[in-house]
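Heads up: the sequence shown at position 137 corresponds to 136 in numbering that gives the first Met the number 0, and the numbers run straight through without jumps.
Written out below as structure tokens is the structure these notes cover.
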Amino acid sequence: MRNIVLFGPPGAGKGTQSEFLVNHYGLVHLSTGDVFRYNIKNDTELGKLARSYMDQGKLVPDEVTISMLKAEVEKSPEAKGFIFDGFPRTKAQAQALDAFLDDRNESIEAMVALEVPEEELKSRLLARAETSGRADDADSEVIQNRINVYNVETAPVADFYRNAGKYKAVNGLGSIEEITKRLVKAIDA
Ligand code: AMP
């Protein structure tokens with residue numbers, strides 16, 4: 000199993016890069032944001048709950064997110080591994096993921112982190128709003144909330160993997176192809 004965490008602030012390019020990495024390594028893409036949006040679209044109870052947080056740029060509570068993530072992993076018993084995109088976003092999620100994988104005799108191989116300056120994130124997200132149809136991309140205040148939540152709650156998750164010797168930072172500025180090459184190099188190193 001090759002389990003990789005693709006990390007970075009909102010707008011860093013995690014979704015875009017995941018598409019290339021899943022093809023390159025033959026892994027399953029697991030984006031918690033995508034799963035929440037699927038549930039919102041299908042008007043499920045989970046979707047209704049998630050939406051009330053997402054619309055404000057807040058994190059969906061750990062308990063809900065962690066059990067959803069586990070259920071998603073269990074839906075792909077044949078997977079050669081996963082690219083986790085947008086998860087873990089808190090230390091509690093990182094610990095839960097470690098314990099969950101440990102029970103399955105698996106682990107996270109690496110966390111690759113896309114580094115992008117804040118001003119660039121904001122302009123990317125506003126540009127993405129034109130096509131994504133995402134309410135949380137279209138509002139500057141919600142974007143700022145998401146970045147603040149990232150800085151306070153999510154950025155410390157990097158330490159968890161740094162302490163385990165699994166953290167690899169990658170410059171997230173440049174063309175999509177350039178960044179893919181940097182990610183592959185970091186993962187294969
Ligand atoms: P994303 O698609 O990764 O930008 O996530 C969009 C929104 O979904 C976030 O702003 C959160 O409200 C919610 N979300 C996605 N992943 C998580 C997570 N791991 N923990 C809590 N909330 C999440």
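We treat Cβ as the ideally placed atom computed from N, Cα and C, and that holds for glycine.
Ranked by Cα distance from V63, the options Y24, A95, A188 are led by A95.
Fully enclosed beta strand (DSSP E) runs of no fewer than 3 residues occupy 27 to 30 of the region 21 to 83, in order along the chain. K167 has V111 as its beta-bridge partners, per DSSP. By the criterion of a C-beta distance shorter than 6 angstroms, G85 is surrounded in its chain by S30, T31, G32, once the five residues flanking it on both sides are discounted. The closest CA to that of E77, considering only P87, L113, R50, G25, is found on G25. The beta carbon of Y166 lies closer than 7 angstroms to those of M110, A112, A157, Y160 in the same chain, with the five residues before and after it left out.
The C-beta distance from D135 to T89 rounds to 18 angstroms, too long to fall under 8 angstroms, and the pair is not in contact. Per DSSP, the unbroken alpha helix (DSSP H) holding L100 starts and ends at 90 to 102. Excluding sequence positions up to five before and after L120, its CB lies within less than 6 angstroms of the CB of P8, G10, all in the same chain and listed in chain order.
A distance of 9 angstroms or more separates the beta carbons of I65 and V27.
Selection E118, N38, T130 evaluated against I142 yields E118 as nearest (Cα-Cα). Distance from the CA of Q92 to the CA of G132, rounded to the nearest whole angstrom, comes to 28 angstroms. The C-alpha of E114 lies about 31 angstroms from the C-alpha of E73. A straight line joining the alpha-carbon of P87 with that of R36 spans about 17 angstroms.
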